[in-house]
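Novice: Here's a structure for you.
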Amino acid sequence: MAARTPLIFLAILLSLLLPNLLRIAWPFLTPLILASILAIVVNPANQWMIRRIHRPGFATFVTTILATLLVGTIVAVAGFALTRELTAVYHELSQHSLAEGGWPALVAHTVDKVVATMAILLPLDNEAIRKELLDGMGAATGYVLNNLSAAAGGLTSALITGLLTTIFLYFVLRHGSDWIERLVVLIPLDTRTSTSLVRTMYDSVIANVNAVIAVMVGQGLLLGLGFWVAGVRSPALWGTIGGLASIVPVVGSPLVWVPVVVGFVFKGSYWTALFLGLWCALIVGSADNVIRAAVVGARDKQHPVVIALAAIGGVYAFGVMGILLGPLVVSLAAALLKEIRELLPPRWNHQ
Numbered sequence: 004m005a006a007r008t009p010l011i012f013l014a015i016l017l018s019l020l021l022p023n024l025l026r027i028a029w030p031f032l033t034p035l036i037l038a039s040i041l042a043i044v045v046n047p048a049n050q051w052m053i054r055r056i057h058r059p060g061f062a063t064f065v066t067t068i069l070a071t072l073l074v075g076t077i078v079a080v081a082g083f084a085l086t087r088e089l090t091a092v093y094h095e096l097s098q099h100s101l102a103e104g105g106w107p108a109l110v111a112h113t114v115d116k117v118v119a120t121m122a123i124l125l126p127l128d129n130e131a132i133r134k135e136l137l138d139g140m141g142a143a144t145g146y147v148l149n150n151l152s153a154a155a156g157g158l159t160s161a162l163i164t165g166l167l168t169t170i171f172l173y174f175v176l177r178h179g180s181d182w183i184e185r186l187v188v189l190i191p192l193d194t195r196t197s198t199s200l201v202r203t204m205y206d207s208v209i210a211n212v213n214a215v216i217a218v219m220v221g222q223g224l225l226l227g228l229g230f231w232v233a234g235v236r237s238p239a240l241w242g243t244i245g246g247l248a249s250i251v252p253v254v255g256s257p258l259v260w261v262p263v264v265v266g267f268v269f270k271g272s273y274w275t276a277l278f279l280g281l282w283c284a285l286i287v288g289s290a291d292n293v294i295r296a297a298v299v300g301a302r303d304k305q306h307p308v309v310i311a312l313a314a315i316g317g318v319y320a321f322g323v324m325g326i327l328l329g330p331l332v333v334s335l336a337a338a339l340l341k342e343i344r345e346l347l348p349p350r351w352n353h354q
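Read left to right, the sequence shown gives residues 4 to 354 (the numbering used here).
Here it is as structure tokens:
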């Protein structure tokens, strides 16, 4: 007992410090998670670079810079293309508004046409439809205006997160394997169980990264097809931008297709707007959950419905990062239950 007293004392001290350590580390949790995920993805390239250069530190630095430049270039090109296309749409609508007598006249004329069309389809009074439509437009406008400052702050936060992710990526690539080995030693489990849990986390991250790529391709193709049928200019470009935007769950691709639908409404192409809105909301939107659940479930050996619910619940619990953390937590919990089952007496396993 006397030999274990220092260990117990140190463990108590560590448990007392742990809440404060978590508070200190919490602001850096998102970039650390992103860096860890990127490190798993680019580690094969980093190992190849180390074999070529024979200087691990410099090779890891080169890999980090190249990975950052690649991601930054993709985001910059997509953002530039989206800005250019939205500017073209706005210019076209501005020309259309001049023909109608200005923006107020265009909005009023558009509302009248939408009300007339909805009155034919719905058993409602024209004034009731107009009131609901104007109230909805007012609420949407107020929401956008109220969140402009938040969007500016979010851009600054994204830049800081990107910088921290780059810094963390270097250290995770350089020392990550050593950290994992030390962590495995501290886990009071046998080598097989510890290795199995680490492998489960690795497989879950790889599966989620594969799912992100699959969703990008799938939603990009579906968006491009919908834009092509609707007669949108440069449907392939819009589809590519929408696919890249789908990295952000729930709100990613709508940032691309909603302005296009609104543009069709203001141009008076109501049936085209209805088709494109339904296509993107139902077909493209559901493709996210279907593709992600199928890809992640196939590698994690989990049912696709469980993975889909884990991703949705993860977004609700953790925000955008939950799209990766949700399935990871579920997969790790399933692995822990499997290990617990193997440690139980035989009579428990047959009940």
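Ideal Cβ placement from N, Cα and C applies to all residues, glycine included.
Computed from a predicted structure; not experimentally measured.
Alpha carbon to alpha carbon, what distance is there between V268 and L327?
Specialist: Distance between the alpha carbons of L327 and V268 is about 36 Å.
Novice: Under 7 Å between the Cβ atoms of A84 and I244?
Specialist: yes
Novice: Hey, quick one: how far does the alpha helix (DSSP H) through P238 stretch, first residue to last?
Specialist: P238 to A248
Novice: Is the beta carbon of A239 less than 7 Å from the beta carbon of T275?
Specialist: no
Novice: Could you check the C-alpha separation between L228 and W260 for me, to the nearest Å?
Specialist: 12 Å
Novice: When the Cα of L167 is compared with those of L35, G75 and F64, which residue comes out closest?
Specialist: L35
Novice: On the CB-based measure, 16 or more other CB atoms within 10 Å of its CB, does W282 come out buried or exposed?
Specialist: buried
Novice: Is the number of C-beta pairs between the region 41-49 and the region 172-185 that are closer than 8 Å three or more?
Specialist: yes
Novice: On the premise that L335 lies in contact with M204, defined as a C-beta separation below 8 Å, what is that separation, rounded to the nearest angstrom?
Specialist: 6 Å
Novice: Quick one: any contact between the region 292-299 and the region 308-316, if contact means 3 or more CB pairs under 8 Å?
Specialist: yes
Novice: DSSP three-state label for G234, please.
Specialist: Coil, per DSSP.
Novice: Does the Cβ of P9 have 16 or more other Cβ atoms within 10 Å, making it buried, or fewer, making it exposed?
Specialist: Looking at its Cβ environment, which holds fewer than 16 other Cβ atoms inside 10 Å, P9 is exposed.
Novice: Among residues of its own chain, excluding the 5 on either side of F64, which ones have a beta-carbon nearer than 7 Å to its beta-carbon?
Specialist: Within the same chain, F64 has close Cβ partners Y173.
Novice: Rounded to whole angstroms, how far is the Cβ of G246 from the Cβ of F230, which I believe are closer than 8 Å?
Specialist: Between F230 and G246 the Cβ distance is about 12 Å, and since that is not below 8 Å, they are no contact.
Novice: If you draw a straight line from the C-alpha of G288 to the C-alpha of L20, how long is it?
Specialist: 44 Å
Novice: From A338, R236, L340 and T164, pick the residue whose C-alpha is nearest to that of G266; which is it?
Specialist: R236
Novice: Does the Cβ of I170 lie closer than 6 Å to at least one heavy atom of the ligand GTP?
Specialist: Looking for the ligand GTP in the displayed structure turns up nothing, as the structure carries no ligands at all.
Novice: Label A70 either buried or exposed according to how many other C-beta atoms from any shown protein chain fall within 10 Å of its C-beta, with 16 as the threshold for buried.
Specialist: Result: buried.
Novice: Which runs of the beta strand (DSSP E), 3 residues or longer, sit entirely within the region 57-81?
Specialist: none
Novice: What is the C-beta distance between Q222 and S197, in whole angstroms, given that I count them as a contact (C-beta under 8 Å)?
Specialist: About 38 Å separates the two Cβ atoms, so there is no contact after all.
Novice: Could you give the DSSP three-state label for S256: helix, strand or coil?
Specialist: coil
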